[in-house]
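So the protein lines, in turn, are chains A and B. If you want the numbering used here, it's the 1-based position in the first sequence plus 17. If you want the numbering used here, it's the 1-based position in the second sequence plus 48. We put the CB at the ideal spot given by N, CA and C, even for glycine. Keep in mind that this is a model prediction, so the values were computed, not measured.
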Amino acid sequence: MKKHPMLKYLKEEGPLGQRMPLILCPGCGSGQILNYTLHAVDRIMNKDKIRKENFLFISGVGCSARLTSHYLNFDSAWTIHGRTLAIATGSLLANPAFKIIVFTGDGDTGSIGGNHFIHACRRNIDVTILCINNGVYGMTGGQVAPTTSVGTITTTTPYGNIEEAFDLCKLAETAGASYVARWTTAHPHQVIKSIMKGLRKKGTAFIEILSQCPVHNKLSPVTMLKKLKESTIQISKEKESSEGETLIGEFCDLDKPEWNESYQKLIDQFDHEEGKS
Amino acid sequence: MSKEMKANNTNKRLHNVHLLKPGEYYLQGSQACIEGAIMAGCRVYGGYPITPASEIMEYASRRLPQVGGRFIQMEDEIASASLLIGASWGGAKALTATSSPGFSLMQEAISIAIMSETPMVIIDVQRPGPGQGYITASQEDVMQARWGHHGEGSIIALAPSSVQEMFDMTIEAFNLSEQWRTPVLVMAEEPVAHMRERLLIPPWNEIEIIDRKKPQDLGIMPENYLPWGHDIVAPMANWGEGYSVNFVGLVHLEDGNITKYGPQMHYDCIERLFRKIEGNVNEIARIETKFLEGCKNLVICYGCVARTAIEAVIEARKEGGLDVGYLRLITLWPFPQERLRDIVGNVNTIFVPEMNLGMMKHPITEALRDRFKKIVSIPSLGVLHSPEYILSKIYEEIR
């Protein structure tokens with residue numbers, strides 16, 4: 018049987034045995050997103066001649082975080098819920114040459130790690146953030162998320178959610194990210210292109226990917242993908258989104274000073290060579 | 049490691065020209081701490097201001113770029129401690145400093161740093177609590193240092209008592225963290241961080257600097273590399289070196305595999321973390337003693353309280369004619385229980401002056417349970433004991 022082309026970037030086995038299968042539920046969108054991400058990374062490696070060891074994947078806790086857990090054949094970190102961007106900032110301070118991809122969920126970005134998220138965008142640190150937004154806390158059993166729409170019944174909103182959902186792209190753009198886009202798992206080519214753009218962008222790239230959780234929504238993956246397509250509308254069509262429609266596309270693509278570039282100028286003020294001072 | 053990665057590695061660009069030259073200085077404890085960190089090779093600092101620890105980060109913001117390092121003021125203490133994890137695995141030696149309320153927020157990162165065996169150093173300039181408490185002297189975090197993080201595993205915590213030790217012990221903290229691949233805490237207090245006194249910088253070649261053991265140096269290839277194996281302290285491949293390390297905070301096998309979960313695997317993973325520190329307590333922990341030989345009574349202290357306690361002991365011996373010995377815990381954790389039993393004979397009364405209501409009195413009591421008739425706590429809250437106060441408490445008991 019022919020192997021999937023992206024399997025070369027996964028660890029089917031480690032020194033102490035089998036690491037597969039992936040933990041994700043059947044029909045989950047996270048596997049698709051990992052596939053799109055690896056395609057983008059593969060293209061960047063080949064086209065821009067960037068070596069594999071320069072890439073670093075960081076995640077927090079939750080379904081999205083499981084993408085880095087121990088399957089990736091890259092340097093990766095499966096860390097603390099919400100703290101991914103603080104950890105990514107640390108790695109970039111240690112070595113600004115890292116190409117960092119951060120996998121987050123809607124909880125990591127919009128709730129427990131909200132503060133780290135807005136400050137990473139404000140500092141414009143050089144990371145590509147992929148937010149897998151499935152509108153629910155999947156790993157812990159289907160509780161309400163900051164991105165759950167009003168009226169939705171979850172395990173902690175048994176009478177329906179009364180809170181407004183967070184627009185994470187608006188938040189990222191306002192906070193100062195260089196590049197902001199939103200797609201769904203039903204837009205593979207757009208997602209791959211956006212990730213490539215993000216990796217090439219010096220600064221914070223935030224890409225929200227609306228994803229399906231068939232388990233907690235009790236719907237088939239196909240139905241959910243159809244719904245994702247039907248409920249979204251591209252910005253470029255210059256039409257106001259109507260009730261229940263979510264805008265997708267690129268929200269901003271700017272060139273702004275990146276944190277480490279600015280800090281390097283500060284370091285360069287000092288004479289660092291032995292013998293001169 | 050690719051050329052680009054190598055060229056950008058913060059840690060590799062050591063700019064000795066801006067290090068503090070050997071000689072005598074008159075510095076604040078907070079400044080001595082940063083000079084020690086820089087001397088130890090620290091090139092990343094991330095922190096959040098808090099009284100009475102802010103002077104450390106202010107000085108770091110000035111000094112780090114001068115030596116080619118990077119300083120960042122993070123959004124909170126949670127981010128500051130998390131940043132150290134990323135910086136450390138990114139190949140740098142990294143530092144943060146905080147005070148007690150901030151230290152509480154850092155426990156989450158400390159816990160996963162213990163689990164992932166991440167070398168990093170945290171300075172806690174303790175202030176009184178609970179809550180906002182006050183902003184003065186305190187030793188109220190000594191138990192939080194050991195037990196504040198969730199879960200098992202152990203910790204290394206040092207207690208400096210002078211400006212010189214703020215320098216020396218920050219270097220020692222980095223050395224211990226690199227040697228044992230674990231977070232190390234420096235439990236300072238407001239007086240030690242704020243006082244100014246003489247600091248002696250020895251010739252650079254006399255300062256011992258320990259760096260983490262690398263798989264590359266041991267001839268371990270990426271395909272056979274166990275990031276949490278090979279030895280009680282595993283060699284550490286940084287990210288960016290081609291070893292495809294999957295950092296993990298879950299119970300794991302030596303190669304980071306999490307699919308083989310079972311009771312034995314769980315026990316082996318966590319018990320080693322504990323044994324790595326507690327099993328090497330005699331190599332890690334240091335004690336200072338004076339007048340200990342055959343003494344009838346004993347003062348046990350640590351941190352800046354040691355400065356006034358030794359005055360009281362000398363006075364009690366000279367003026368009071370009392371047989372009082374002196375013992376200072378330089379390392380708080382791991383607690384050197386067996387070593388304490390080896391050097392302390394049978395005594396009448398043990399005095400434990402602390403800037404809390406008697407915290408380290410507990411492990412001392414446990415260690416010396418059958419060696420004393422009475423153990424007396426000499427507490428003080430928010431203010432350093434005067435020698436006279438300690439002396440009066442000694443006289444109350446044994447004169």
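B/Q385 has its alpha-carbon roughly 8 angstroms from the corresponding atom of B/L416. Of all C-beta pairs linking the segment 105-121 of chain B to the segment 152-172 of chain B, fewer than three are shorter than 8 angstroms, placing the two stretches out of contact. Contacts between B/R118 and chain A, judged by CB atoms closer than 7 angstroms, involve L110 and Y280 in chain order. Annotated three-state conformation of B/V190 is helix, per DSSP.
Sequence-distant partners of A/E190 (beyond 5 residues in either direction) whose C-beta falls short of 7 angstroms from its own C-beta, in its chain, are V197, F268 and C269. Excluding sequence positions up to five before and after B/S109, its CB lies within less than 7 angstroms of the CB of F119, all in the same chain and listed in chain order. From the listed residues A/R68, A/T85 and A/K69, the smallest Cα separation to A/S76 is found for A/T85. Interface with chain B (8 angstroms Cβ-Cβ cutoff): A/R100 is included. Residues of chain B whose Cβ lies closer than 8 angstroms to the Cβ of A/L283 are, in chain order, P113. In the DSSP assignment, A/A103 falls within the alpha helix (DSSP H) that extends over T101 to A111. Taking CB atoms only, B/V400 has no neighbour in chain A less than 8 angstroms away. Per DSSP, the unbroken beta strand (DSSP E) holding A/E267 starts and ends at T263 to D270. Taking B/E213 as the centre and dropping the five residues before and after it, the same chain places no C-beta closer than 7 angstroms to its C-beta. Within its own chain, the residues whose Cβ lies closer than 6 angstroms to the Cβ of B/A142, once the five positions on either side in sequence are excluded, are V92, L132, A135, S136 and M168, listed in chain order. Closest option to B/L432, judged by alpha-carbon separation, among B/L206, B/N56 and B/E237: B/E237.
Under the criterion of beta carbons closer than 8 angstroms, B/V234 and B/L206 qualify as touching, at roughly 5 angstroms. Below the 9 angstroms Cβ cutoff, chain B contributes no neighbours of A/H206, its closest Cβ being approximately 28 angstroms away. For B/A221, there is no enclosing beta strand (DSSP E); the enclosing alpha helix (DSSP H) has its first and last residue at V211 to W228.
Our two residues, B/K422 and B/L377, have alpha carbons roughly 20 angstroms apart in a direct line. Judged by beta-carbon spacing, B/G138 lies beyond the 8 angstroms limit of B/I162, meaning their Cβ atoms are not closer than that value. In this structure the segment 199-206 of chain A does not lie against the segment 111-122 of chain A, because fewer than three pairs of beta carbons, one per stretch, are closer than 8 angstroms. Exclusion of the five residues before and after B/D265 leaves P283 as the residues of its chain whose Cβ lies within less than 8 angstroms of its Cβ. Contact with chain B is absent for A/R83, since none of that chain's Cβ atoms lies less than 8 angstroms from the residue's Cβ. Sorting B/L375, B/R229 and B/E52 by C-alpha distance to the C-alpha of B/R389 places B/L375 at the top. Counting every other CB atom within 10 Å of its CB across the protein chains shown gives B/N286 a total of 16 or more, marking it as buried.
At the C-beta level, A/I212 and A/L147 come within 8 angstroms of one another. DSSP, read as helix, strand or coil, puts B/F295 in strand. Minimum Cα-Cα distance from B/V296 among the listed residues A/I97, A/L27, A/G34 and A/L24 corresponds to A/I97. Distances from the CA of B/A101 to each of B/F339, B/G77, B/I412 and B/R419 were compared; the closest alpha carbon is that of B/G77. For B/F322, the enclosing alpha helix (DSSP H) stretches over residues P311 to E326. Among the residues facing chain A, B/S130 is included, as its CB has a counterpart in that chain under 8 angstroms away. Annotation for A/S93: the continuous beta strand (DSSP E) segment containing it runs D92 to W95.
A residue is called buried when at least 16 other Cβ atoms come within 10 angstroms of its Cβ; B/Q180 does not meet this threshold and is exposed.
Chain-ordered listing is empty here: chain A has no CB closer than 9 angstroms to the CB of B/F222, the nearest sitting near 15 angstroms. Look at the segment 290-316 of chain B: the residues with a C-beta under 9 angstroms from a C-beta of chain A are G290, Y291, S292, V293, N294, F295, V296, G297, L298, H300, L301, E302, D303, G304, N305, I306, T307 and K308. In this structure, A/N71 lies away from A/Y26, with their beta-carbon atoms at least 8 angstroms apart.
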